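Sequences listed follow chains A and B, in order. Using our numbering, the first residue of the first sequence is number 10, and each one after it goes up by one. Using our numbering, the first residue of the second sequence is number 10, and each one after it goes up by one. First up is the structure itself, then whatever we jot down about it.
There are 2 protein chains.
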Amino acid sequence: MGSERSEPLRLAVAPDADEAVAEAVRRAGAVVVDLADARALAWTAWTDLASFPQPLPAGIEWVQLPSAGVERWVEAGIIDRARVWTSAAGVCAAPVAEHALALLLAGVRMLPECLRCREWARTEVLPRVGTLDGAAVGIVGGGSIARALIPLLTAVGAEARVVNRSGRAVPGAAQTRPIAAVGDFWEAVDHVVLAAPDTPDTRHLVGAAELDAMKPTAWLVNVARGTIVDTDALVRVLDSAGIAGAGLDVTDPEPLPAAHPLWGHPRVIVTPHVADAAMTLRGFRRRLAENVRRWRAGEELVGVVDPDRGY
Amino acid sequence: MGSERSEPLRLAVAPDADEAVAEAVRRAGAVVVDLADARALAWTAWTDLASFPQPLPAGIEWVQLPSAGVERWVEAGIIDRARVWTSAAGVCAAPVAEHALALLLAGVRMLPECLRCREWARTEVLPRVGTLDGAAVGIVGGGSIARALIPLLTAVGAEARVVNRSGRAVPGAAQTRPIAAVGDFWEAVDHVVLAAPDTPDTRHLVGAAELDAMKPTAWLVNVARGTIVDTDALVRVLDSAGIAGAGLDVTDPEPLPAAHPLWGHPRVIVTPHVADAAMTLRGFRRRLAENVRRWRAGEELVGVVDPDRGY
Chain A
10 MGSERSEPLR LAVAPDADEA VAEAVRRAGA VVVDLADARA LAWTAWTDLA SFPQPLPAGI
70 EWVQLPSAGV ERWVEAGIID RARVWTSAAG VCAAPVAEHA LALLLAGVRM LPECLRCREW
130 ARTEVLPRVG TLDGAAVGIV GGGSIARALI PLLTAVGAEA RVVNRSGRAV PGAAQTRPIA
190 AVGDFWEAVD HVVLAAPDTP DTRHLVGAAE LDAMKPTAWL VNVARGTIVD TDALVRVLDS
250 AGIAGAGLDV TDPEPLPAAH PLWGHPRVIV TPHVADAAMT LRGFRRRLAE NVRRWRAGEE
310 LVGVVDPDRG Y
Chain B
10 MGSERSEPLR LAVAPDADEA VAEAVRRAGA VVVDLADARA LAWTAWTDLA SFPQPLPAGI
70 EWVQLPSAGV ERWVEAGIID RARVWTSAAG VCAAPVAEHA LALLLAGVRM LPECLRCREW
130 ARTEVLPRVG TLDGAAVGIV GGGSIARALI PLLTAVGAEA RVVNRSGRAV PGAAQTRPIA
190 AVGDFWEAVD HVVLAAPDTP DTRHLVGAAE LDAMKPTAWL VNVARGTIVD TDALVRVLDS
250 AGIAGAGLDV TDPEPLPAAH PLWGHPRVIV TPHVADAAMT LRGFRRRLAE NVRRWRAGEE
310 LVGVVDPDRG Y
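In structure tokens, the structure reads:
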């Protein structure tokens, strides 16, 4: 981003110029100005793409988007090459990783089955209760969610095996493989957590072949994007007890229609895309302030979007 | 136990002389013999007190029991002062702590409510999803379960506040208080995990006053003994939404009768005393072998029972 800047960053905050955001960026060295006078824009609306100012004033050098996944912004043609775009990737990593652990532990500890019980079914439940202690948990995606999840898995005695694009080793993982040479990943791991971005490469990455390869005791947890999984194949493998269950915070289609077979499925936990609910606003403010500080210091921003990769 | 012993320990293993147990103790320096010829007895049956040999041969200097809680053995008058008795306290700490985390996370992440959903209730669920990140989790009991649970809580960003008998600081806890000076513990913590032994002192330790003091967003998790909680008071506070919910692996009465109001309660997860299911046998073998080694080395055994305290 060049060398250190002495003047405050002229930052527009829109569509909602929340006072807590304004205060956070002021402390980091920005002045909040109108879009026409700004060098940077912080966009605070998670879902509102329609009101995004297009074209942007030529003076805007950097746009901070509020969400971790930016595929909708890419598809809408909003992300251009005329300026730097940053996503909020990583901001929600800690709450999403916690949610992944919650879903995985709930599955392994048979909470869905226990919640349906209306009597003390100890004899039936006891021999089937599992543990993450000693388990190998496969993680698809080596980004911020994986990095936040690995210490949690390590704490409960599980080891993480990561599949990512590059195969470059992810800190704390017992193993990292490139997705192009995935080998026996699906059969070897005890459970799988999906934490990859939604890109053309990852769409339906988990299909019938991958699900069939998984252990019958395995739980599949998806806290990434619903489209990574072939939902019809998932329903089939669940119905045939090919895997133990699925914990899904994201679905395809999403929202999941009311009559969908995943609702109330005895082997399924569906949460309505809430993994990143906690601390999101706090996290966004913290990230935005960090990037304002970096901008002024002439350092590389966090979460720079590569328009070619789509994240 | 005195000084180092050169001869192998003559150990009886009953009522089930499982080959894996025999192999483990042989490697640790014992020979498996009949009870009449033994200096020590490893009792392998978790629930079978009736067939326990009484009186024990006078030559038995040490008995290793298979369970962590030994109150039934105390009540049955089996534990005497003529020899050393060791419980398996701590053996199940890791799986029990994992189960406590599973129940607590499931509650905080609203999994019971989501499992009842038959449509995408994002608007209702999203604002109520919590996180353990930044939460203060109270733990009643400062023994092996607390010690196993604290690192798990720390990993997800929670701090542990322990109440125990002595007030002696528990490693990793942000705060340790004696139960006799509990102060604002119940109102101050965000959630409570019960991990105390069942003794006359802890019976109905959690009654109406404690439950009423807890935050309305708090989950109560019990992985210890059902009798620590006044069940009727718990049902009342749950019905009036005085706390967010309860995750119970143990109940009073236990087994929980089929018509009990806790079954199917929308704010309750009941698991049928299975927290320690995983790895129990492996853990017992490991503990027994460790104590055989310590016996031969003249070191203090792990898990020595104090007949006066009942654990």
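Beta carbons: idealized from backbone N, C-alpha and C, even for Gly. Predicted, not measured: the structure shown is a model, and the values here were computed from it.
- At the C-beta level, A/Leu74 and A/Trp52 come within 7 Å of one another.
- Ranked by Cα distance from A/Gly139, the first of A/Ala298, A/Leu158, A/Ala115, A/Pro160 is A/Ala115.
- With 16 or more other Cβ atoms inside 10 Å of its own Cβ, A/Asp258 counts as buried.
- A straight line joining the alpha-carbon of A/Glu133 with that of A/Arg92 spans about 60 Å.
- Around A/Ile278, the beta-carbon contacts reaching into chain B at under 7 Å are Leu120, Cys123, Leu124.
- Closest by C-alpha distance to B/Ala190, out of B/Arg318, B/Arg48, B/His108, B/Val149, is B/Val149.
- The C-alpha of B/Pro121 lies about 45 Å from the C-alpha of B/Asp89.
- When secondary structure is reduced to three states using DSSP, A/His108 falls in the helix class.
- One Cα belongs to A/Glu28, the other to B/Val311, and the distance between them is close to 58 Å.
- Taking the C-beta atoms as reference points, B/Ala109 is found no nearer than 7 Å to B/Val246.
- When CB distances to chain B are screened at a threshold of 7 Å, the residues of the stretch 131–153 of chain A falling below it are Arg131, Val134, Leu135, Val138, Gly139, Thr140, Leu141, Asp142, in chain order.
- At a cut-off of 7 Å between beta-carbon atoms, B/Pro160 makes contact with chain A.
- With respect to the C-alpha of A/Ala97, the residue from A/Ala255, A/Gly152, A/Arg127 having the closest C-alpha is A/Gly152.
- The C-beta separation of B/Arg14 from B/Arg305 comes to about 5 Å, placing the pair in contact by the 8 Å criterion.
- Under the Cβ distance rule, A/Gly273 counts among the residues neighbouring chain B, one pair being separated by less than 7 Å.
- A Cβ-Cβ distance of about 29 Å is found for the pair B/Leu220 and A/Val165, leaving them out of contact under the 8 Å criterion.
- Assignment of B/Val301 by DSSP, reduced to helix, strand and coil, places it in the helix class.
- If you check each beta-carbon in the stretch 228–242 of chain A against every beta-carbon of chain B, none falls closer than 9 Å.
- Put simply, of A/Glu309, A/Gly254, A/Asp199 the residue whose alpha carbon is nearest the alpha carbon of A/Leu112 is A/Gly254.
- In this structure, A/Arg118 is the residue among A/Arg118, A/Asp142, A/Leu141 with its C-alpha nearest to the C-alpha of A/Leu135.
- A distance below 8 Å between beta-carbons, with the five flanking residues on each side excluded, links A/Val277 to the following residues of its chain, in chain order: Pro121, Leu247, Gly254, Ala255, Gly256, Leu257, Leu271.
- Residue A/Met223 holds the alpha-carbon nearest to the alpha-carbon of A/Val201 among A/Arg177, A/Ala183, A/Ile188, A/Met223.
- Classified as exposed, A/Gly68 has fewer than 16 neighbouring CB atoms from the shown chains inside 10 Å of its CB.
- Taking the beta carbon of B/Leu110 as reference, the chain A residues within 7 Å of it are Leu114, listed in sequence order.
- Distance check between A/Ala157 and each of A/Val105, A/Asp207, A/Thr185 places A/Val105 closest, using alpha-carbon atoms only.
- Looking from the CA of B/Gly181, the closest CA among B/Arg170, B/Arg127, B/Ala77 belongs to B/Arg170.
- Just so you know, the alpha carbons of A/Ala39 and A/Leu18 end up roughly 4 Å apart.
- Listed along chain A, the residues sitting closer than 9 Å to B/Gly166 by beta-carbon distance are Ala103, Glu107.
- The Cβ of B/Val171 sits no closer than 7 Å to any Cβ of chain A.
- A/Arg296 has its alpha-carbon roughly 53 Å from the corresponding atom of B/Gly319.
- Taking 7 Å as the threshold, the shortest C-beta distance from B/Glu128 to chain A falls below it.
- Cβ-Cβ separation between B/Ala217 and B/Ile237: approximately 14 Å, too far for a contact (criterion under 8 Å).
- DSSP places A/Ala49 in the uninterrupted beta strand (DSSP E) bounded by 49–52.
- Proximity of A/Val283 to chain B, defined by a Cβ-Cβ separation below 7 Å, is satisfied.
- For A/Pro264, the C-beta contacts it makes with chain B under 9 Å involve Glu128, Trp129, Arg131, in order along the chain.
- Shortest Cα-Cα distance from A/Ala268 to any of B/Asp25, B/Arg131, B/Pro64, B/Cys126 involves B/Cys126.
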